[in-house]
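Participant: Here it is, the structure, as structure tokens.
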Amino acid sequence: MAKLKWGMIGGGEGSQIGPAHRLGALADGRFEFVAGALDHRPDVGREYAQRLGLAADRAYGDWQEMLAGEKDRSDRINLVTVATPNSTHFEITKAFLEAGFNVLCEKPMTMTVEEGEEIQKIAAKSDAICAVNYCYSAYPMVRQARDMVRLGEIGKVRLVVTNFSHGHHGDATDADNPRVRWRYDPAMAGVSGQFADCGIHALHMASFIVGDEVETLSADFASTIPSRELEDDAMVNFRMSGGTVGRLWTSSVAIGRQHGFEIQIFGETGGLRWASEQPNQLIYTPVGGRTQIIEKGEGGLHPDAQRLSRVAIAHPEGFPLAVANIYCDLADAIAGETRDGLPTAEAGLRSMAAVHAAVRSAKENGAWVDARPPMFR
Ligand code: NAI
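Using the numbering used here, you'd call the opening residue of the sequence shown number 756 and step up by one each time.
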């Protein structure tokens, strides 16, 4: 089977997420890396792209040059990844989608709900795929949890409790470091800091596993380091379309926590727990029974978890292979297969609506507000 051609915007040398995309996209031999505009400094981006093996004529200086260079080629890219800072996602994703390219956009997909609705409308009308990189949803044991819920193995879900909290911005003496400060500056980060950065992964995961959408929410935001305009800590209560109660805590000042993303699903006949720091295990407790550890790669997993477990049982798989699972689903979807686990523009839009709803609620002392995008009310 011929490899699909892949290009990347952002993710330059030293970026946080760039290497995970390159490892993920190339892990299964489904894609080859042929084009890129990798850095906000054109010359630096061109030089790095060629060091990564791209031909000089496809090592572009910026995304506009890349779009112009790729769109009329007979061997144009089949997929472009947008891994630039948040405020650029909308214009780049829109331009490539409108030119008929399949796009994988980093989260958050846009800065406003209106932009999110525009992308959703373009994607709905187009044959091109627009996916959003909610990569935690592609861990095999998250897929196992989703299928256990779908198949009724823990009964109707009553409650979801999730948190995504780290302490890497907890040092007040480092708050003015430019790499940290922009995340809490509305001019650079938009309306929300920590909730838009990490909270939306947790909220997406709740919907992904439970299978229902977030309808209403009530938020409490805090800037625990007073110089910060945007929140560095948030507690969000929510209700889902099926009546499930949701509780979410996200923080960047939780010193001692490295990457604490955890979700617990409590149903009428059992409970599940998954944590990103132990991603190969799903903890399952049937009502009245003993707690069990379900391992990635073991026999008897549901098919999606089986399909996405690549390395033998007991050998750890991690973040880049979860990203690789997103690329596998994308390669299948480009080939015409249905992959309902793939996070789409709709998920990106729903996150943006929830972010803006949470900001509104926090300003109104935690009032309950509608968290749905206007077009889905
Ligand atoms: P970063 O600041 O570490 O790197 C950004 C890269 O994009 C740099 O190489 C920079 O030169 C390049 N860049 C900036 N503007 C550009 C432009 N206009 N054209 C081409 N290149 C440009 O940022 P980081 O942490 O890698 O984040 C990038 C995106 O990925 C963000 O939207 C972030 O929210 C998302 N992200 C997602 C994660 C996930 O788990 N899905 C994890 C970490 C980040």
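All residues carry an ideal CB built from backbone N, CA and C; glycine is no exception.
So what does F786 bridge to, in DSSP terms?
Facilitator: According to DSSP, F786 shares a beta bridge with L759.
Participant: Which residues in the same chain have their Cβ closer than 7 Å to the Cβ of G910, if we skip the five residues on either side of it in sequence?
Facilitator: If we look at G910 and ignore the five residues flanking it on each side, its Cβ neighbours are G1022, E1023, T1024, G1025.
Participant: Measure from the alpha carbon of D882 to the alpha carbon of each residue in E870, A1122, F856, I874, then state which is nearest.
Facilitator: F856
Participant: Is the Cβ-Cβ distance between V991 and F1016 less than 8 Å?
Facilitator: If you check the CB distance, V991 and F1016 do not come in under 8 Å.
Participant: Beta-carbon within less than 8 Å of I1068's beta-carbon, same chain only, minus the 5 sequence neighbours each way: which residues are those?
Facilitator: E1050, K1051, G1052, E1053
Participant: Thinking C-beta only, is L834 closer than 8 Å to C885?
Facilitator: no
Participant: Identify every run of the beta strand (DSSP E) within the region 857 to 892, keeping only runs that are complete inside it and at least 3 residues long; order them along the chain.
Facilitator: 857 to 860, 885 to 887
Participant: From this set, S947, T867, R983, G784, which residue's C-alpha is nearest N1080's C-alpha?
Facilitator: G784
Participant: For W1029, which of helix, strand or coil comes out of DSSP?
Facilitator: Note: W1029 maps to strand in three-state DSSP.
Participant: Kindly list the residues whose CB is nearer than 6 Å to the CB of F919, restricted to its own chain and excluding five residues on each side of it in sequence; keep chain order.
Facilitator: Close CB contacts of F919 within its chain, under the 6 Å cut and outside five residues either way in sequence, are with C953, H956, A957, T1005, F1016 (chain order).
Participant: Taking 7 Å as the limit between beta carbons, can you name the residues of its chain near R1065, skipping five residues before and five after?
Facilitator: Cβ neighbours of R1065 beyond the five flanking positions: E1072, L1076.
Participant: Using DSSP bridges, identify the partner residues of Y1039.
Facilitator: DSSP lists L1027, Q1047 as the bridge partner or partners of Y1039.
Participant: Counting Cβ pairs, one atom from each stretch, are 3 or more of them under 8 Å apart for the region 939 to 947 and the region 1078 to 1094?
Facilitator: no
Participant: Between the Cα of E1101 and those of G769, G1011, R1127, Y815, spot the shortest distance and give me the residue it belongs to.
Facilitator: R1127
Participant: Look at the alpha carbon of Q1033 and the alpha carbon of E1092, and state the distance between them as a whole number of angstroms.
Facilitator: Those two C-alpha atoms are separated by around 30 Å.
Participant: Compare the beta carbon distance of V912 and V969 with 8 Å and say whether it is the shorter of the two.
Facilitator: no
Participant: Is D1125 closer than 8 Å to T971 when the C-beta atoms are compared?
Facilitator: Yes, they are a contact pair.
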